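Chains as they are written, first to last, in the working numbering: chain U, 7 to 340; chain S, 7 to 340; chain W, 7 to 340; chain G, 7 to 340.
These notes concern the structure reproduced below.
There are 4 protein chains.
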Amino acid sequence: MEELTRILLQHPDVELSYSTSQSYIGKKYNEVYENFNKIFEQECVEENIEEIADKSDLIYFALPHGLVSNKLTSEILSKTKVIDIGADFRLKDKKTYEEWYETEHHGESLLKESVYGLCEWEKHKIKDASLVANPGCYATCSILSLAPLLKENVIDKDSIIIDAKSGVSGEGRTLNLSLHFTECNETIKAYKIASHRHTPEIEQELCAVSGKEINLTFTPHLVPMNRGILATIYAKISSDLNYEDIKNVYHKYYADKPFIRLMREEIYPETKWVKGSNYCDIGFKLDKRTNNLIIVGAIDNMIKGAAGQAVQNMNIMFGLDEKTGLNAIPVFPI
Amino acid sequence: MEELTRILLQHPDVELSYSTSQSYIGKKYNEVYENFNKIFEQECVEENIEEIADKSDLIYFALPHGLVSNKLTSEILSKTKVIDIGADFRLKDKKTYEEWYETEHHGESLLKESVYGLCEWEKHKIKDASLVANPGCYATCSILSLAPLLKENVIDKDSIIIDAKSGVSGEGRTLNLSLHFTECNETIKAYKIASHRHTPEIEQELCAVSGKEINLTFTPHLVPMNRGILATIYAKISSDLNYEDIKNVYHKYYADKPFIRLMREEIYPETKWVKGSNYCDIGFKLDKRTNNLIIVGAIDNMIKGAAGQAVQNMNIMFGLDEKTGLNAIPVFPI
Amino acid sequence: MEELTRILLQHPDVELSYSTSQSYIGKKYNEVYENFNKIFEQECVEENIEEIADKSDLIYFALPHGLVSNKLTSEILSKTKVIDIGADFRLKDKKTYEEWYETEHHGESLLKESVYGLCEWEKHKIKDASLVANPGCYATCSILSLAPLLKENVIDKDSIIIDAKSGVSGEGRTLNLSLHFTECNETIKAYKIASHRHTPEIEQELCAVSGKEINLTFTPHLVPMNRGILATIYAKISSDLNYEDIKNVYHKYYADKPFIRLMREEIYPETKWVKGSNYCDIGFKLDKRTNNLIIVGAIDNMIKGAAGQAVQNMNIMFGLDEKTGLNAIPVFPI
Amino acid sequence: MEELTRILLQHPDVELSYSTSQSYIGKKYNEVYENFNKIFEQECVEENIEEIADKSDLIYFALPHGLVSNKLTSEILSKTKVIDIGADFRLKDKKTYEEWYETEHHGESLLKESVYGLCEWEKHKIKDASLVANPGCYATCSILSLAPLLKENVIDKDSIIIDAKSGVSGEGRTLNLSLHFTECNETIKAYKIASHRHTPEIEQELCAVSGKEINLTFTPHLVPMNRGILATIYAKISSDLNYEDIKNVYHKYYADKPFIRLMREEIYPETKWVKGSNYCDIGFKLDKRTNNLIIVGAIDNMIKGAAGQAVQNMNIMFGLDEKTGLNAIPVFPI
């Protein structure tokens, strides 16, 4: 939430009423995150969801899965809007959720109300939603890269492979030896191969977009860097399509989207070009030797992949310009 | 200048008229720095100093030493203000300049006019200046950490040792094997020991502040990170001074300075807490066993140590609020 | 060659006669690489291939492509053995070479004599070879991971996708802005998508092993770390195969190979576990939802991917135990 | 101990009888550290100090302070030699220990027997010792850099400032948020300023060498890299000394020391030049403007600063060549 706090503090239409915490109750925000000295020195308070719902227009949750669905009620949602940055309301199908998250879902009734907050594709629904499920970081990058191609039927839906690479900030702050500097510095690894929980989320949304059932292979990797996600995506393509055809497909859906940048031919996204911003950069290459289309998508996992998109969702929910508070230019080198 | 461009584009009172370049003439800005796609796509043009002076209120120079003093004239300065991010006008003494930079200085007459742009200490002069010499990155961090102590006479002026550590972005973009990733990753080194060109700059300004001649030892180090400068500074102190005494000295000079943050007791600056911002964080510890005062200062070398301070100088020169365009909150982790 | 020098100096059966150089003639080795102080202080000399061939049993070349094929002759090969760490003799087909390397090949007659030095698969030929082409780093990792599966026909040969990630040391020491620390630190990118020169090398050797023509998609990525290659490889597999089947295929070919380590089930290679060693670690996972087999291979690109394999080739060529001088245990964390 | 295991496994005269563990009892060594696959697959056992003492010639301890002094007895030492890599027997003065470690010392009788294992200075005592206290990493680098100068009286003993920088591996593997990748990557900080426990250790040994009481200022820093310590040391020097004088002092003590390398004039140590080796590199510069001598020392904190020196101590204790098993050449870039 620290990145969300940072963005919200610079948002012209937001006033931060409460910062709740489980670990830091009574501590000032800047004592937890020294970057906020002289900027935000509010005390972290215990969560009192009823009181907060009464006094706030919007609550952001960022909790381990299972917790939000347990405590959220229609009554709360009648008083305030909610954006859940966690995973509880991303999967519409209770069974799929329970299979991948290996726990029961206690908020089935709210599942129907909730909207998957991928702003570029679900804006019309987000507008009127009370409960928005902010997409996962890998999911955001993957769906944005693939959706136009599936919607326009230019790739073989059964051939999709997503090889994604993430910086370590995606892993959160829970104590974990495998996140120690010496464990993840100067090395790269694949993890949760073919079993990462963003897989059904990607499939669900690509299915929603294209109307077809999708099963794909998703492999996340941990890269020794703080931020950024790069998704290298492979799909079979009809041999008669060329660069311009694909480009036109992307333009059709993204030309008017402020946070999507299609790279010029032969230029591919790098995570450094989006760091600190809400952009998703997309590039692609046709491999004529194999009829594979290789798509590369890049986002800042903490911004477009989490806090930034959460603010974009808020803007849409409250009728603000989508870009408000999100105009930071990518910073390089940082 | 890329970082300056980024900040200026987000400055409410600035319009960027020209981006000149020696290497990229005719290229669009976003083709050189892909982070500027959809944001700033102006073409880089050849420098035509007369034309630019005619049409602009301010010119920023960021050139290797020797070049600005060669081309700058009083005539140009009569048409436009100038901030030189390079080193040509930092040292007031021509001889000192020529000794440390091993080259003749061709702009002696302008040297007298120029103002050393350390905003927290020279604001009154910067206000009316036509030519401001933007301080060096190490110099900014070192002077800000030391000046109050010398001004108030609490440290032995002959005992000062500055052990500074910088990220690699401080080295610029000139082709250089020693800046290759594999050369500077996973290692730390001291360089230009007791011979770095920021030494006389620090001494000059500390002398200006305190009225005493200063000779100090300065050792820069290269640290495997993109950004940030940490200066660990040592000076002998009278044994009867305590924490509160030192704290009061800093408060006296910095309580009203928006970009200086004094850390709480036992909390010390880390470069990560200032990254992406114009802050200079300062902390200190008394070593009662040796009567050394250890001061730690931290800045983002690209912002407070270069582009940010250059914008702060501009704000002051044009009567704007010093903080305009510089309100970015430090980003963590990035 | 610096890594090769390090390994050779610790090899019990090797005496280093000459270190030639184009850039450092007359300099001592330890003046170029300070890690060799007190260890190897021989002067770098100009290359005199005839003289060296007369006096040495083996010459290692590590030159940009085109140079070795230009100067190497049968006469030289009649006097000394040669291991070419560069690319000139890796591709057996002159036309394929010229297409991918965009330059003429001037050593066609020697192409036939040369042996592709992938020790685990070509040992019988390497034994008697005078000219060995040391495989490329990506190629080594990819072929070792795939060859048993293709030889045993368990994967669909037309479905292979290799998504490879490399540390920056693979890029060499030629001056290059894109290799500067600040350009490749804290970011990841794909490059030479579907056009990297190791592609035909991988295809050639997999064809040699399996007897079938192979066309595959290969995407290299640059990762902010010094060393290591991780190849994540995807291929379609018959739905009736299970974990044990695949494991048995690998065991059949690699159980007796000292430098191949098959990971335990659910454990996947990470580059940190092989750093500083000549090992290639291999793990795999079946994705039952898509019938993709995901294979992960990891090597130290500087050792098994270059200097280590070059020494392994030498050992085989001279009838030594393959492991001589290559028994270094992977170092962690380094 | 993992690094010690690696070195001992490559030592020609050592057989590893037991690997004890508190956290991993019953696990195979290679399941804890996957780099040991196929190399060392012994099971980790519970510590049974009596049994181990009976069957082993040497026990290495690497435990948090307080634990070894609690369990070690003269009886055990009558059966086996001991090298304590921890801190319990480094400080000869019980009171100093208790002050800096804030805990009682329960092994006072053994304190007198124990020898401080800085091989280059205490070899004559180590030879006959049963209990050797392996020096701390910062202490090793600092003492080696300073001892000759103090012994020869060329620096002012009251002016010493040690500004040390360490990679993160020095912090061990105990779960700790501040050691998470995102917390210590891309930042530098000072910590335990003027209060680090290696301070009295450095002072004690410099006193032992020079016969004078020493009080110095020591500031450690955490650098975003896995390995390496760089100590930048400042001391006042008489103005009539020159480069050659200092060089001669170092030569007098270190010319015959296999693991000390004095750099050439104007060349300074970098941690990358010693990584993976037992070397300590030393360079220095006279600052004629301030009469400060700046000494730079570098070691691999895991080797000369811990496991390597522990093996060097063992070699000396058992009458082996000091260098046995420690001939690894520094690896670059790694």
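Even for Gly, the Cβ is constructed at its ideal location relative to N, Cα and C.
Computed from a predicted model, the values in this text were never measured in an experiment.
- Distances from the CA of glycine 113 of chain G to each of G/Asp90, G/Glu47 and G/Thr223 were compared; the closest alpha carbon is that of G/Asp90.
- One alpha carbon belongs to tyrosine 274 of chain G, the other to alanine 196 of chain S, and they sit about 7 Å apart.
- The DSSP-derived three-state label of isoleucine 273 of chain S is coil.
- For glycine 303 of chain W, the three-state secondary structure derived from DSSP is strand.
- Interface annotation, glutamine 48 of chain W: not in contact with chain G, CB-CB separation never under 8 Å.
- Three or more beta-carbon pairs separated by less than 8 Å link the segment 231-242 of chain G to the segment 148-161 of chain G, which places the two stretches in contact.
- Within the same chain, Cβ atoms closer than 7 Å to the Cβ of isoleucine 322 of chain W are found at Cys125, Lys129, Ile132, Lys133 and Glu328, the five residues on either side in sequence being excluded.
- For alanine 316 of chain U, the enclosing alpha helix (DSSP H) covers residues 314-323.
- In the DSSP assignment, lysine 242 of chain S falls within the unbroken beta strand (DSSP E) covering 235-242.
- In the structure shown, arginine 179 of chain U falls within a coil segment according to DSSP collapsed to helix, strand and coil.
- In this chain, the alpha helix (DSSP H) harbouring serine 75 of chain W covers 73-77.
- Lysine 87 of chain S is bridged by DSSP to S/Leu64.
- Aspartate 251 of chain G: member of the alpha helix (DSSP H) spanning 249-260, first to last residue.
- Taken through DSSP and simplified to helix, strand or coil, phenylalanine 290 of chain S comes out as strand.
- Taking 8 Å as the CB threshold, glutamate 56 of chain G stays off the interface with chain S.
- The beta carbon of valine 38 of chain G sits closer than 6 Å to the beta carbons of Tyr30 from its chain, once the five residues preceding and following it are set aside; these are given in chain order.
- The residue from U/Val174, U/Gln210 and U/Ile13 with its alpha-carbon nearest to that of isoleucine 194 of chain W is U/Val174.
- Annotation: Cβ neighbours of arginine 12 of chain W in chain G (cutoff 7 Å, chain order): Ile335 and Val337.
- For the pair isoleucine 45 of chain G and isoleucine 335 of chain W, the CB atoms are nearer than the 8 Å cut-off.
- Look at the beta carbons and you see the segment 43-58 of chain S not touching the segment 164-171 of chain S: under three pairs across the two are nearer than 8 Å.
- In the three-state scheme derived from DSSP, where H, G and I count as helix and E and B as strand, leucine 228 of chain U is classed as strand.
- Think of a sphere of 7 Å around the beta carbon of threonine 296 of chain W: the chain U residues whose beta carbon falls inside it are Asn221, Leu222 and Thr223, in chain order.
- The residues Val174, Ser184, Leu228 and Pro230, in chain order, have a CB closer than 8 Å to that of cysteine 190 of chain U in the same chain once the five nearest residues on each side in sequence are set aside.
- A straight line joining the alpha-carbon of phenylalanine 265 of chain G with that of glutamate 47 of chain W spans about 16 Å.
- Within a 10 Å sphere around the beta-carbon of aspartate 293 of chain W sit 16 or more other beta-carbons, which makes this residue buried.
- Histidine 204 of chain S sits in a helix when the DSSP states are folded into three classes.
- Three or more pairs of CB atoms, one per stretch, sit closer than 8 Å, so the segment 279-288 of chain G contacts the segment 300-315 of chain G.
- Close to chain S, meaning a Cβ-Cβ distance shorter than 9 Å, is no residue of the segment 90-110 of chain G at all.
- Residues of the segment 175-189 of chain S with a C-beta less than 7 Å from any C-beta of chain W: Ser175, Arg179, Leu181, Leu183, Leu185, His186, Phe187 and Thr188, listed in chain order.
- Assigned with DSSP and collapsed to three states, threonine 188 of chain G falls in helix.
- The Cβ neighbour count for lysine 77 of chain W, taken over all protein chains shown within 10 Å, is under 16; the residue is labelled exposed.
- About 3 Å separates the Cβ atoms of cysteine 143 of chain S and glycine 311 of chain S, confirming a contact at the 8 Å cut-off.
- In this structure, lysine 198 of chain S and proline 226 of chain S form a Cβ contact; the two beta carbons are roughly 6 Å apart against a cut-off of 8 Å.
- Lysine 34 of chain S is bridged by DSSP to S/Glu49.
- Around the Cβ of aspartate 246 of chain U, a 10 Å sphere holds fewer than 16 other Cβ atoms; the residue is exposed.
- Interface flag for glycine 282 of chain S against chain U is set, since a Cβ pair is found closer than 8 Å.
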